[in-house]
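First residue of the sequence shown? That's 1 in the UniProt record's numbering, and the numbers climb one at a time after it. Below: the structure, in structure tokens.
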Amino acid sequence: MSTAAPPRKVAPPRERTGGRLSNGAFALLLTAPGLALFAAIIIYPLISALFTGFFKQDLRLPGREFVGLENFTYWLDGDFLTILKQTLIFTVGATIVPFVIGFALALALNTGLKGSGFMRGLFLFPWVIPGVVVSFLWMWIFNANYGVLNGVLMKAGLIEDSVSWLGQPGTAMLAVIITKTWASFPWMMVMLLAGLQTVPKELHEAASMDGAGSIRRFFNVTWPQVRGVASIVLLLEFIWNFQHFDTIYVLTGGGPAGSTETFATAVYQTAFKGFDIGRATALGGLWMLLLLVLVVVYLRITERKGDAR
């Protein structure tokens, strides 16, 4: 009678170290081209620009001179607060007004109106037009001599003489905000409509059965469900408007008398019309610090929304 041989012990496989990359080294190798491109087009220009803010440099003259914090104190002791105030006026106005319009249209389209699909596409038309084209269109509308707005208001008897909407400080900022509102409310409408369509209909039906009216249902049912989307839409639009350039520059160039000058137009005017790169980059550095605060707030909000899920 034969007996079976005892099972042989198999040694565990040895890790090969020679000729193979670790997972971390392999991942770094895969991301190296992207990191190199990011450093070349983002990191290096950013550091170079911030470094230039400590020098006196004129585009018309060769070389540059180290001046320390002089360029920064020039703005902080000068027009920085004025530019910040005007930037905030434009940013808040061009964020709140299109948000209200977009939210109202989203609520209307969410009710299932007949032809809502066509109206949704029609409302998107201003958003797909390039910003420069939108600016020239509204420049023609606001023109003091042959503008459509003056013609309509004069025929309606609301004004007697033509108004230079873009040529006087009292109305220039309002005109710029109106132009930006027309261009930006469609995307806010679409985002808010998407949020409204995620609200369960059962909640509205239950609230109606409890006797809640439309206003009460909005504040107790609709708004709590879309508050996260609304906050992100508002903050994104605020960040974009805080660095907006083309509409302001095309319509007014920061004028008249600097009444519509923001950080974007001030940096451009200082660098490419005043030829002072040092002061322009110093103002850009201060502007960037303010933008970083907004970005941190945005990241905190998105993190809280992710944790809530």
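Glycine residues also receive a C-beta, built at the ideal position from the N, C-alpha and C atoms.
The beta carbon of ASN145 sits closer than 8 Å to those of SER162, all from its chain and outside the five residues before and after it, given in chain order. Around the C-beta of ARG279, 16 or more other C-beta atoms lie within 10 Å, and the residue is accordingly described as buried. Secondary structure note for HIS204: its alpha helix (DSSP H) is the uninterrupted segment 201-209.
With 16 or more other Cβ atoms inside 10 Å of its own Cβ, VAL221 counts as buried. Around the CB of ALA36, fewer than 16 other CB atoms lie within 10 Å, so the residue is classed as exposed. In the DSSP assignment, the residues bridged to GLU65 are LYS56. The three-state secondary structure of ASP276, taken from DSSP, is strand. It is roughly 15 Å from the alpha-carbon of PRO200 to the alpha-carbon of GLY112. THR260 sits in coil when the DSSP states are folded into three classes, being neither helix nor strand. In the three-state scheme derived from DSSP, where H, G and I count as helix and E and B as strand, PHE142 is classed as coil. Non-local C-beta neighbours of THR262 in its own chain, meaning closer than 7 Å and more than five positions away in sequence, comprise ILE83, GLN86, THR87, PHE90, ILE248, ordered along the chain.
Counting the other Cβ atoms within 10 Å of the Cβ of VAL100 gives fewer than 16, which makes it exposed.
Minimum Cα-Cα distance from MET191 among the listed residues ASN71, ALA264, GLY78, LEU109 corresponds to LEU109.
Between the region 54-62 and the region 270-289 there are three or more C-beta pairs closer than 8 Å, enough to call the two in contact. Counting the other Cβ atoms within 10 Å of the Cβ of GLU237 gives 16 or more, which makes it buried. Here the region 250-257 makes contact with the region 168-175; the two share three or more CB pairs at distances below 8 Å. With a threshold of 16 other beta carbon atoms within 10 Å, GLY147 meets it and is buried. Here PHE123 carries a helix assignment [DSSP, helix/strand/coil].
In this structure, VAL97 is the residue among TRP240, GLY53, VAL97 with its C-alpha nearest to the C-alpha of MET189. In the three-state scheme derived from DSSP, where H, G and I count as helix and E and B as strand, LEU37 is classed as helix. Apart from sequence neighbours up to five positions away, the residues of its chain that approach GLY167 with a beta-carbon distance below 7 Å are ALA144, PRO256, ordered along the chain.
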